[in-house]
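**Q** Protein chains in written order, with our numbering: chain A, 1 to 100; chain B, 1001 to 1100; chain C, 2001 to 2100; chain D, 3001 to 3328; chain E, 4001 to 4328; chain F, 5001 to 5328.
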Ligand SMILES: Nc1ncnc2c1ncn2[C@@H]1O[C@H](COP(=O)(O)O)[C@@H](O)[C@H]1O
Ligand SMILES: Nc1ncnc2c1ncn2[C@@H]1O[C@H](COP(=O)(O)O)[C@@H](O)[C@H]1O
Ligand SMILES: Nc1ncnc2c1ncn2[C@@H]1O[C@H](COP(=O)(O)O)[C@@H](O)[C@H]1O
Ligand code: NA
Ligand code: NA
Ligand code: NA
């Protein structure tokens, strides 16, 4: 099977940033995303996750490298100063490059 | 610590494909898997996840590269046409290669 | 955006190892972590996850390569013999290397 | 419309359960951030199924199996038969591909437990007595149509490998031990074994809060149904009409059959409701498993976004009026 | 302290609900592994909101809208007005940045449903009657202060791109259709449409277990509030004092206004409680969405770790004593 | 078997709670897709523990601490003592490694709250009165055996680094503030502080639905226990026999001790049930934390798949017959 390189961008952030984030994804042109609630600990303290509003979500999005670049830039500029969060990219291989 | 390369195959799909998927994993010879419910958005619409049957799962399986290859091929041939889903592979390092 | 290489260590293990694990993370100097409950199947049988105490968690931690090394070594020496678990590392890119 | 029917429709629309359903629809339409956790949905399902199962079982222990078996058999037969005429209608009049026609037919032969519960709620509200053991009909009607539908669809679909191959066995397993059948039949048997004494012990749980729990559940179902409204335009005018006419036709047949099987007015009406209702959880799950080629938008939209809301709001009082007319 | 007040405080502290709250605080302080699942938290919220909404709606249908509109308007106006004086106090006396002052002000103008429910619980316990339709005041007071607070804060903050830009529309959407407003207003309307008959049908769910459910919920809220106690030192002495004095002041104003609007002793006390309480779910969510520059530690700690526990334990009996004094 | 015992066993087996347990076992054996969400499991646990704790506390406030302290002390001592004889039996007769023997011993000295609750349910059903404050014995018996078991096991196991090192402190912390102890003891104290009046306020929640909730919980526990049945062959015949004989022996001792401590027939029986029951949540969690070298298959299978179902179905009526025989 021929696979194609793609970028996976993972964002872990406070739940209350969710709507901003999904709007950002639409803005940079991502075609879909996956998310789920997580617990966490970081520089801004523990997030036990018994109340969604005070907890974290993890959001994963598969995108073209160029879009990943753009996404990271805007996360850095607009989100990092405002929200408790981390973000990272990794290299993945997909079968249907046109889907992303 | 000496680490060994292995493949992580991640599948995000509608919950109702779960049983087919785990049977496919057994068929190609994976030794275990991990899964959890997720919400998502994609070409086939939003999946809010308040009813498991209408939601998504994310399934992660660590396998030998050859098995990953086989798994992808069968996902492509038998699952992609039938279910709302995405799948991708990434390179990971493990300590106990014989476990996978 | 200039990105910096970092290691993502993923641990999937029985929930009852949680406290030991988070203490280990603190001991090796990780600055945060993310975790969530998962279901799984492996050499030690199915873990359906309807009772947290009998289920699995997945823990993800972003660390410097040197710390990842140390973490893996201690997982191998102290955890693998004791708990149902797997662990693997992958290469990721972050924007704020000083955060990890 | 006869004034009685109007009155019944109005009474139904002003019940807490139906109003909470409407609130759920509104919540989804205005895109409110209200969302039920998945665990709550499952919990409510487990509660409602065990509660009606248990009460039904107690009723069987009072009435005796001798009274129940004939109408139960009729219910089972009706469920299995419905796909036999809905399939050709969808296939030839509706021009649907064979797997899609089979899948939709399975949904309409199977039943919606919530619609049934809402109907018993309605009967309680208008003080119309009914056979409590009617839950047994619900229990036996879920699976037969699904099996029939899959058999119809399998002739057309083709599974290419062993993952798909042995699915018949799995379908029968699901039909017998799937979550809802297991809970319903299990609770029925438990109720029958415990009898009235068991009910006295547990009525603070299975009876006291029941109507309120149903209202809460319908709030969620309103949201779930309304989220599918956007797909209405994708399914075409034929299926839209089918989603309203099929339940009306099946409701008539069901009421008549229930009457013929010796049930009271209320019981015959419930029979009609079962025939008229379409499954939207068990049947879709079975179709994804056994006929993954069938298009889920078609059967989910018609069962969940058309037939379910129609039955909950208008259908139930209509079948009641039918049963009354038949009885007089 | 007058003996009456002491007695009221003692009665409140020894109620199951408040003792479970204290247990929750202790659980968090000793770092017990007790944790409520998120789904349980949401379920309890949905239950409490629909239950008081529904009962309030039934009360409206009994009392008539004519009785309710004036005090409801007064409640709405009071909620919108509170930020107008708390903002300058925080900005100039407290020396807080503009966005932070605006955010905190929004929290104190908005309301805490749980505090309100605990207050009705207290009134039931001391056998003091009150207008059940007071839930309507709760419903109309949640959003206005949030909107006012955001407008105050927006003048200072600056959104740099379109993701942040169109937030006014979203804030108004939230204010009208956010989860808690939707459930409260929806259940109020349903209750008003169903009237007494609807209540009879569902009281096994909405009334019978209510007080116990509240106790369970306060157990969780005790843990949630106590987890924030560690942040007390971060917010400074000014906000600490504000978190106790603002509710006392607003409680007085609320009791007086409620009295002026023609409410009974119990109703005026609830009015005071609403004015005194600070939002810790709806308002923080709105601030993160619309004023993400504001520091959440400030508003969460003051609303959740200071004002909420103060009101639950001491505030409620104090506002009761105030209302009694005013009435005599 | 004496006819009385047979009758008691039959009465127990035909109660809704036990039948739902059996349904759960069947659901797991036929591999039904029925599954309780984790949040529901936790919620049911929290509910059951606070409900019996609260009612127990009210009973203490009625009876006075003077009545309760002696049997409570006896319970605590019994719990701590049981591992002292089960450990050598397992170590030398059973030939288990030291850590495994210690771990299993801890489980049998500790208690199962659900078994206790099922026993009170049984007593209610056969109209046998009992001391409601017996919940206090449950509360004090959970931890001592776990601490003793860990001390026994620690001598054999060796933690190689500081993550494992300071575990004694953590074990004592868990013993005092672990979830179930905290809820039980907390609710006991709250109940004692509130007294009868507190119970009147909350009985719609803590009493009315209690028996039904227990039935639902046992449905889940049936599934959980049955999933372990596959491990029966891994634990060996010795542990199989131990899982049935140890509870019988401990039940006798408990009934005798309870009788000696001045309890009624029902109270002595509950004492026996506590001694006979084995922990399957708190103890396994403590073992994974403090004796991670011990093999969980051994202690989980014996406590959960052997002793628990045995007690729920046959043990409870046996201990009842024992208590009756002792009393006569
Ligand atoms: N080093 C890390 N590894 C994994 N997750 C992290 C890490 N640091 C932070 N997080 C996650 O990101 C959330 C926000 O981080 P922070 O802003 O540092 O509080 C935390 O609650 C964690 O869920
Ligand atoms: N680009 C993407 N990144 C991450 N997850 C995706 C992406 N596209 C689709 N998904 C996930 O895969 C599911 C099915 O995708 P689809 O078939 O496109 O509807 C969605 O509900 C998402 O959870
Ligand atoms: N090959 C695998 N791929 C993904 N997850 C695995 C794999 N093997 C084991 N796991 C996860 O790790 C847990 C413990 O594994 P084990 O010790 O093999 O039972 C399982 O319950 C799974 O959640
Ligand atoms: Na039907
Ligand atoms: Na306020
Ligand atoms: Na014991």
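Think of the CB as a built atom: it goes at the ideal place given N, C-alpha and C, for glycine as much as any other residue.
Within 8 Å, do at least three Cβ pairs link the stretch 3022 to 3041 of chain D to the stretch 3133 to 3140 of chain D?
**A** Three or more Cβ pairs closer than 8 Å define a contact, and the stretch 3133 to 3140 of chain D falls short of that threshold against the stretch 3022 to 3041 of chain D.
**Q** Report the three-state DSSP secondary structure of residue 82 of chain A (helix, strand or coil).
**A** Reading the first chain from its first residue, position 82 is the one you call residue 82 of chain A. Residue 82 of chain A: coil per DSSP, three-state reduction.
**Q** Regarding residue 4274 of chain E and ligand 5, is the C-beta to nearest heavy atom distance less than 7 Å?
**A** By one-based count along the fifth chain, residue 4274 of chain E stands at place 274. The answer is yes for residue 4274 of chain E.
**Q** I want to check one thing, is the minimum distance from the CB of residue 5254 of chain F to the heavy atoms of ligand 4 below 7 Å?
**A** As a position in the sixth chain, residue 5254 of chain F is number 254, starting the count at 1. Flag unset: Cβ of residue 5254 of chain F not near ligand 4.
**Q** If you compare alpha carbons, which of B:1066, B:1031 and B:1076 is closest to residue 2043 of chain C?
**A** Walking along the third chain from the start, residue 2043 of chain C turns up at place 43. When only C-alpha atoms are compared, the closest one is B:1031.
**Q** Taking only beta-carbon atoms, is residue 5058 of chain F less than 8 Å away from chain E?
**A** Taking the sixth chain and counting its residues from 1, the one referred to as residue 5058 of chain F is at position 58. No - not a single Cβ of chain E is within 8 Å of the one on residue 5058 of chain F.
**Q** Considering only heavy atoms of ligand 3, does any lie closer than 7 Å to the CB of residue 2012 of chain C?
**A** As a working mapping, residue 2012 of chain C is identified with position 12 in the third chain. Answer for residue 2012 of chain C: yes, Cβ within range of ligand 3.
**Q** Would you call residue 2949 of chain D buried or exposed, if buried means 16 or more other Cβ atoms sit within 10 Å of its Cβ?
**A** Outside the displayed span of chain D (3001 to 3328) sits residue 2949 of chain D, for which this structure offers no information.
**Q** Quick check on the DSSP output: the beta strand (DSSP E) that includes residue 33 of chain A runs from which residue to which?
**A** In the first chain, counting from the first residue as 1, residue 33 of chain A sits at position 33. Counting along the chain, the beta strand (DSSP E) containing residue 33 of chain A begins and ends at 33 to 41.
**Q** First and last residue of the alpha helix (DSSP H) that includes residue 4123 of chain E?
**A** The count along the fifth chain starts at 1 and reaches residue 4123 of chain E at position 123. From DSSP, the alpha helix (DSSP H) with residue 4123 of chain E extends over 4113 to 4125.
**Q** Could you work out which residues of chain A lie near residue 4038 of chain E, taking near to mean beta carbons separated by less than 9 Å?
**A** For this step, residue 4038 of chain E is matched to residue 38 along the fifth chain. Within chain A, the residues near residue 4038 of chain E are 37, 49, 50, 51, 52 and 55.
**Q** What I want to know is whether the C-beta of residue 88 of chain A ends up closer than 7 Å to one or more non-hydrogen atoms of ligand 2.
**A** Here residue 88 of chain A refers to the residue found at position 88 of the first chain. Not so, every heavy atom of ligand 2 lies at least 7 Å from the Cβ.
**Q** Just to confirm before moving on: does the CB-CB distance between residue 4153 of chain E and residue 4058 of chain E stay below 8 Å?
**A** Stepping through the fifth chain from its first residue, residue 4153 of chain E is reached at position 153. Stepping through the fifth chain from its first residue, residue 4058 of chain E is reached at position 58. Result no, Cβ atoms of residue 4153 of chain E and residue 4058 of chain E do not sit closer than 8 Å.
**Q** Verify the CB distance criterion: does residue 2064 of chain C have a CB-CB separation below 8 Å to chain A?
**A** On the third chain, residue 2064 of chain C is found 64 positions in, with the first residue counted as 1. By this cut-off, residue 2064 of chain C is not an interface position.
**Q** Just the Cα atoms here: how many angstroms apart are residue 4029 of chain E and residue 1058 of chain B?
**A** Your numbering for residue 4029 of chain E matches position 29 in the fifth chain. Your numbering for residue 1058 of chain B matches position 58 in the second chain. About 36 Å.
**Q** Any beta-carbon of chain B closer than 8 Å to the one on residue 33 of chain A?
**A** Counted from its first residue, the first chain places residue 33 of chain A at position 33. For residue 33 of chain A, the closest Cβ of chain B is nearer than 8 Å.
**Q** Can you list the alpha helix (DSSP H) stretches of 4 or more residues lying completely in the stretch 3017 to 3096 of chain D, in chain order?
**A** Fully enclosed alpha helix (DSSP H) runs of 4 or longer: 3038 to 3063 and 3065 to 3088.
**Q** Does the Cβ of residue 5282 of chain F have 16 or more other Cβ atoms within 10 Å, making it buried, or fewer, making it exposed?
**A** What you label residue 5282 of chain F is simply residue 282 of the sixth chain in a count that begins at 1. Its Cβ being crowded by 16 or more others within 10 Å, residue 5282 of chain F is buried.
**Q** In chain F, which residues lie with their C-beta within 8 Å of the C-beta of residue 2082 of chain C?
**A** Here residue 2082 of chain C refers to the residue found at position 82 of the third chain. Within chain F, the residues near residue 2082 of chain C are 5292 and 5293.
**Q** Can you tell me whether DSSP reads residue 1005 of chain B as helix, strand or coil?
**A** Taking the second chain and counting its residues from 1, the one referred to as residue 1005 of chain B is at position 5. The answer is strand: DSSP assigns residue 1005 of chain B an E or B state.
**Q** Is it a yes or a no for the stretch 1044 to 1057 of chain B touching the stretch 75 to 92 of chain A, going by three-plus beta-carbon pairs under 8 Å?
**A** no
**Q** Which residues, taken in chain order from the stretch 2008 to 2032 of chain C, show a beta carbon closer than 8 Å to some beta carbon of chain F?
**A** Taking 8 Å as the Cβ-Cβ cut-off, the stretch 2008 to 2032 of chain C approaches chain F at 2014, 2016, 2017, 2019, 2020, 2023, 2024 and 2027, given in chain order.
**Q** How about residue 3304 of chain D and residue 3224 of chain D: are their beta carbons less than 8 Å apart?
**A** For the purposes of this step, residue 3304 of chain D is identified with residue 304 of the fourth chain, where counting begins at 1. For the purposes of this step, residue 3224 of chain D is identified with residue 224 of the fourth chain, where counting begins at 1. It is a contact, given that the beta carbons lie within the stated cut-off.
**Q** Does any CB atom of chain C fall closer than 8 Å to the CB of residue 58 of chain A?
**A** In the first chain, the residue the question calls residue 58 of chain A occupies position 58. Closer than 8 Å to some Cβ of chain C, the Cβ of residue 58 of chain A qualifies, so yes.
**Q** Determine which residues of the stretch 5206 to 5227 of chain F have a Cβ less than 8 Å from any Cβ of chain E, and write them out in chain order.
**A** 5206, 5208 and 5209
**Q** Output the boundary residues of the alpha helix (DSSP H) element that contains residue 5010 of chain F.
**A** In the sixth chain, counting from the first residue as 1, residue 5010 of chain F sits at position 10. Counting along the chain, the alpha helix (DSSP H) containing residue 5010 of chain F begins and ends at 5003 to 5013.
**Q** Tell me whether residue 3315 of chain D counts as near ligand 4, meaning its Cβ is closer than 7 Å to at least one heavy atom of that ligand.
**A** Position 315 of the fourth chain, counted from the start, is the residue given in the question as residue 3315 of chain D. For ligand 4, not one heavy atom lies less than 7 Å from the Cβ of residue 3315 of chain D.
**Q** Taking buried to mean at least 16 other C-beta atoms within 10 Å of its own C-beta, is residue 5006 of chain F buried or exposed?
**A** Taking the first residue of the sixth chain as position 1, residue 5006 of chain F is located at position 6. Exposed is the call here.
**Q** Would you mind reading off the limits of the alpha helix (DSSP H) that contains residue 2028 of chain C?
**A** What you label residue 2028 of chain C is simply residue 28 of the third chain in a count that begins at 1. Secondary structure note for residue 2028 of chain C: its alpha helix (DSSP H) is the uninterrupted segment 2018 to 2028.
**Q** For a cutoff of 8 Å on Cβ pairs, would you count residue 4125 of chain E as touching chain F?
**A** Sequence index remark: in the fifth chain, residue 4125 of chain E carries index 125 (1-based). It does; some Cβ of chain F falls within 8 Å.
**Q** Using C-beta distances below 8 Å, list every residue in its chain close to residue 3321 of chain D, excluding the 5 sequence neighbours before and after it, in chain order.
**A** What you label residue 3321 of chain D is simply residue 321 of the fourth chain in a count that begins at 1. Sequence-distant Cβ neighbours of residue 3321 of chain D in its own chain, meaning closer than 8 Å and more than five residues away, are 3002, 3004, 3005 and 3008.
**Q** Check whether the Cβ of residue 5161 of chain F lies closer than 8 Å to any Cβ atom in chain E.
**A** Taking the sixth chain and counting its residues from 1, the one referred to as residue 5161 of chain F is at position 161. For residue 5161 of chain F, the predicted model reports a pLDDT of 48, less than 50, meaning its position is unreliable and no value from the coordinates is stated.
**Q** Can you tell me which of the three DSSP states residue 1094 of chain B falls into?
**A** For the purposes of this step, residue 1094 of chain B is taken as the residue at position 94 of the second chain. The answer is strand: DSSP assigns residue 1094 of chain B an E or B state.
**Q** According to the neighbour-count rule (16 or more other Cβ atoms, all chains shown, within 10 Å of its Cβ), is residue 4176 of chain E buried or exposed?
**A** On the fifth chain, residue 4176 of chain E is found 176 positions in, with the first residue counted as 1. Residue 4176 of chain E is exposed by the Cβ-count criterion.
**Q** Within a Cβ cutoff of 6 Å, which residues of the same chain sit near residue 2038 of chain C, ignoring the five residues on either side of it in sequence?
**A** As a first step, residue 2038 of chain C is located in the third chain; it is residue number 38 there, counting from the start. Around residue 2038 of chain C: 2056 and 2058.
**Q** Given that residue 5030 of chain F touches chain D, what residues does it touch there, using C-beta distances under 9 Å?
**A** Taking the first residue of the sixth chain as 1, we reach residue 5030 of chain F at position 30. Here the neighbours are 3173, 3176, 3177 and 3182.
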